[in-house]
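All remarks here apply to the structure that follows.
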Amino acid sequence: MTSSLHQVAAQPAVARASERLKAATAAVRARHAAGADGLELCRLKATAVDAAVDEVWQAILAELAGADRERIEQRVTVVVHGGSARGEMTPGSDLDLMLLHDLPTSPAVGRPGEPVSPATGGQLLTDISRRLLQNLFDTGLEVGQSVRTVTEATQLASGDASIFSTLLEMRVLAGREDRCRRLSAKLRTLAHRSRRRLARMLVAARRTEARKYGETVYLLQPNVKRSAGGQRDIQFARWLAYLESDRLVSLEPLPLPEGTAIIAVDPAAAAAGDQGLSPADIERLTEAQRFLRDLRVELHLSHGKGVDELTRDEQVRIAAKRGYAGTAGMLPVEQFMQDYFGHTREVAQITRSLIQQAEGGRRLRSWTTGLLGNRVDGQYVVGPLAVAVLPEAIAAVAADAERIVRLVELSMLYEVAIEPANWTLLRQAIGREPPPVTLAARQRLWGLFSSVGPLGPALRRLHELRLLERLLPAFAHARCLLQFNNYHKYTVDEHCLLAVDRATDLDADTGWLGDVWRQIRRRRRLVLLALLIHDLGKGYEGDHSEIGAEIAREVAATFGLSEDESEIVEFLVLRHLMMAELAFRRNVDDDSLVLSFAREVGSPEVLRMLTVLTMADIAAVGPGVWNRWKADLLRELYQRTLRFLDPDADATGSDRRQTELTTLLAGRDGADPVVRLAAGLPRAYLRSHQPRAAVEELTRLAKLPPGGRFVTARWQPETVTVSVTVGLRSPTVAGVFHRVAAGLASQRLEVLSADIHTLDAEYVIDHFRVVDRDYAGETPAERLTEIAAAVKSSLGTEPPPIGRRWNPFAPQLQAAAVLPPRVQIDNDSSADATIIEVFAEDSDGLLLAVARTLHEHRLSVRSARISTYLDQIVDAFHVVDFGGGKVEDAERLQAVRRGLKAAVAPLLGPGRESVS
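For the sequence shown, the residue numbers in the numbering used here are 764 to 1679.
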């Protein structure tokens, strides 16, 4: 039998519940302003939500006829589950609600407006569940509601990780409690019978979520709830630990309303055993939970809704609000994010350890290691799948830093994993009492740098135990240290470890860098050590390279390096940026620059070390930062410098092509304009052009009449870019660069590099490498024709209007904290040109604004380097005045500098003041 439910009759209860929730929201804001912690605020929200649900539910029951009301009260239980059950309801949290019943039918109910399948005999429950959901939404609550029997809930939990995990904790708001306890008992039985399957199911679901929200802890703008190391991982650790130990750990007193209690699969909620979470793990998770909960509450209140992304602007705001003062070497936001990453990294490490235990193969790995393994040093056994510590030696190994490093060394040498259960025991033991640092342990660590095997993972293992920073104290400062810029994607410690990885990857590299790496031979360990410590000077007052050099001296003494080795490591750290700056931001055709660099490097061996270090440092900045273009530029500088340091070095690169070009033109008269132009070609041109292509291009250039021009645009499949070539013959070549830049900008093209060449005083041949964001794949022929026509038109008329390039991420980039532009002028490095560098966030029209400003100040661009690092660009221009000379007037240079900053700043948005 069903009863008629009148929506109007329940409106007073809905209105009262709505007012109760609004009052609670105001109270939460007031208590937050007064300094209350997240736990108290979550309790305020949970108490108000409980009362609102109860009020609406009771109003619905009151409208039922006596028999129907008694039937619903006896056979339907209103249950909250998951975070709602724990009372962890931040201001923007949703409510997870279930009507658990034992009526004959169980229609599923979702969100308002979703169709509900009628079921015979179940119309009353259908009407009530739909009514409850609609009324709760009318109060302002976001609700996820289900209607299930105990059997249905158990079956669904068996096949769905989200349902299983959220039902591990439930709380009854109305109805009989025994029904909920039956479900809890069935879930406990399910967990015991299907422990491994459920664990794998949970791991797979978490990995799917992490791929969407971030699999690494070191995100510039992490999601506090769902990114790696966030709140989800804290609960995930509890769920996995439960499957390992039959204990669902309670991290702290929960903010539950009075008179209610959680019905969990483990009512005792005690600490887990060794195979789950140790007391130290629980303490770390609890500290992280408090930090992240408070932070999430702050974000929800700031946005007025459930926003969990910690954007750059929010990082700056929260750091200031929490009183981070900063230091001479660290911004307040960097201090705040160091704390954030410190917590999330601990959570991620605990979770990773539990995942290793939960995934299949543990018994097989342990069995094969014990049966087929070889004993080493009387304490370890190395098998085909893992290296393990003998059970009787666990305590001795955990108490001895050298023995721990030895375990990691065996894993590195044999390239097998450390048995997860062993690692968990070691991590927990060391967390309770770190082993003393000894000279033998440090020497064992230094020995890893000479070992054959993957060094990076070994160092990460020691870093995870906090043993690396005990053996190498300078590394402690770098732990979780954020670099608040748009260049570096990772924290300082992770960047340094990744740089070591990128260098050792060269073992399998078959290109020129692999050859350079193999030539270093016995000195490789110095390069790897320099990479590990090269950025440890960050976060202190002063130049991080100079501070890093001081740290390098201390580290060299710690490891007992010889004087010669110590000097090399110190030089590599002090000058770790030098080669990149020269290769990517200077014209390496200038012999005076290369000669000066060669003198400072001093030897071919150190040059090889610095070359590998430069590549590894750049490659560790972020995905895609190291590319073929940078590799080509670095190789050219390496080869040219090597010929200064080693006159017997093979003639390669541009020199070889110059020889080939001379051979091709050998039969021509010396007065031939092509021969004359070829004789003056700079190395940068020869480096990027095959000799036959160069002859064709020079022939076309030589045939131009005075005032003539040609423009070509070609698709380059090997680099997935468009190559734009501009040829021009004019007695006045000044201003060509800014007009070409205008033509490219009018077509919404992103310039990656530009090579500007003036030949025989009146010929110009320019090459631009650009990306056409209008096309995801190959740029079609008609588009290439359009680009060429636009650039050609720009050479003879006023620059065309500039179109904005559509960017799907533009709102996010605008919301980010944009760094102000910088302009630097170098009048010392080059003998015959002034070098101007512009550092700025990437934006439409930026290159054009710079080029036009240089022209307005009567400067001609001789060559240019455009480098893009994530969202930041560095433009370096070698310029001369219109007379072809270097600019020596200091006042004029300052005027140029001011003009560039004034031109660039408006493109970056309001309030972006320039800095020196």
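Think of the CB as a built atom: it goes at the ideal place given N, C-alpha and C, for glycine as much as any other residue.
Check                                                                                                                                                          : Outcome
Here's a check: name, in chain order, each residue in its chain whose Cβ is nearer than 8 Å to the Cβ of G903, leaving out the five neighbours to either side. : S781, L784, K785
List the DSSP bridge partners of P1180.                                                                                                                        : This sequence places Ala at residue 1180; Pro is not what is there. Answer is A1149, bridged to A1180.
Distance, Cα to Cα, T912 vs L1245?                                                                                                                             : 50 Å
Hey, how far is the Cα of L1358 from the Cα of A1639?                                                                                                          : 20 Å
I'd like the span of the alpha helix (DSSP H) that includes A924, first residue to last.                                                                       : 924-929
I'd like the span of the alpha helix (DSSP H) that includes E1326, first residue to last.                                                                      : 1326-1337
Would you tell me roughly how many angstroms separate the C-alpha atoms of S1556 and T1616, rounded to the nearest one?                                        : 20 Å
What's the C-alpha gap between Q1698 and S1308?                                                                                                                : In this structure the chain extends from 764 to 1679, so residue 1698 is not present and cannot be described.
Could you tell me if T810 is buried or exposed, where buried requires 16 or more neighbouring beta carbons within 10 angstroms of its beta carbon?             : buried
Compute the distance between the beta-carbons of L899 and V842, then report whether it is under 8 Å.                                                           : no
May I have the straight-line CA-CA distance separating G1662 from P1669, to the nearest angstrom?                                                              : 12 Å
Kindly indicate which three-state DSSP category G1384 falls into: helix, strand or coil?                                                                       : Before going further, note that residue 1384 is Val rather than Gly in the sequence given. Coil.
I'd like to know whether the C-beta atoms of E1109 and R1190 end up nearer to each other than 8 Å.                                                             : no
Measuring CB to CB, does L1286 end up less than 8 Å from M1372?                                                                                                : The question names Leu, but residue 1286 in the sequence shown is Arg. In this structure, M1372 lies closer than 8 Å to R1286 by Cβ.
Tell me which same chain residues have a C-beta within less than 8 Å of the C-beta of A1666, skipping the five on either side of it?                           : A1612, V1613, R1615, T1616
Apart from the five residues just before and just after L1428, which ones in its own chain have a Cβ nearer than 8 Å to its Cβ?                                : D1435, V1437, V1438, A1441, V1458
Can you look up S1486 in the DSSP assignment and give me helix, strand or coil?                                                                                : strand
Measure how close the beta-carbons of G1089 and Q1098 come, nearest whole angstrom, since I'm counting them as under 8 Å.                                      : 6 Å
Within a Cβ cutoff of 6 Å, which residues of the same chain sit near R714, ignoring the five residues on either side of it in sequence?                        : The first residue shown for the chain is 764 and the last is 1679, placing residue 714 beyond what the model contains.
Which of the three DSSP states, helix, strand or coil, is assigned to Y1143?                                                                                   : strand
Quick check: what's the CA-CA separation for V1503 versus L1491?                                                                                               : 11 Å
In angstroms with no decimal places, state the Cα-to-Cα distance between R806 and M933.                                                                        : 16 Å
Hey, out of E1423, R1450, R1362, whose CA is closest to F1407's CA?                                                                                            : R1362
If I follow the unbroken beta strand (DSSP E) through I1519, where does it start and stop?                                                                     : 1512-1522
I'd like the list of long-range same chain contacts for T1107, defined as Cβ closer than 6 Å, with 5 residues on each side in sequence excluded.               : V980, G992
Could you tell me the alpha carbon to alpha carbon distance between W1478 and V1351, rounded to whole angstroms?                                               : 27 Å
Can you determine whether any heavy atom of the ligand MG sits closer than 7 Å to the C-beta of R970, and answer yes or no?                                    : Of the ligands one can find in the structure shown there are none, so the ligand MG has no counterpart to examine.
Where does W1209 fall in DSSP's three states?                                                                                                                  : helix
Reducing DSSP to helix, strand and coil, say where Y1087 ends up.                                                                                              : coil
Ends of the alpha helix (DSSP H) at H955?                                                                                                                      : 941-956
If I measure Cβ to Cβ from M1100 and keep anything under 7 Å in the same chain, skipping five residues before and after, which residues do I get?              : Q1078, L1245
If I follow the unbroken beta strand (DSSP E) through I1588, where does it start and stop?                                                                     : 1585-1589
Select from L1405, L1234, A1051 the residue whose C-alpha is nearest the C-alpha of F1360.                                                                     : L1405
Pick from G1302, T1542, V1318, D1140: whose alpha carbon is nearest that of Q1206?                                                                             : V1318
What number of angstroms, rounded off, separates the C-alpha of G1385 from the C-alpha of A1262?                                                               : 10 Å
What's the call for H795, buried or exposed, on a 16-neighbour Cβ count within 10 Å?                                                                           : buried
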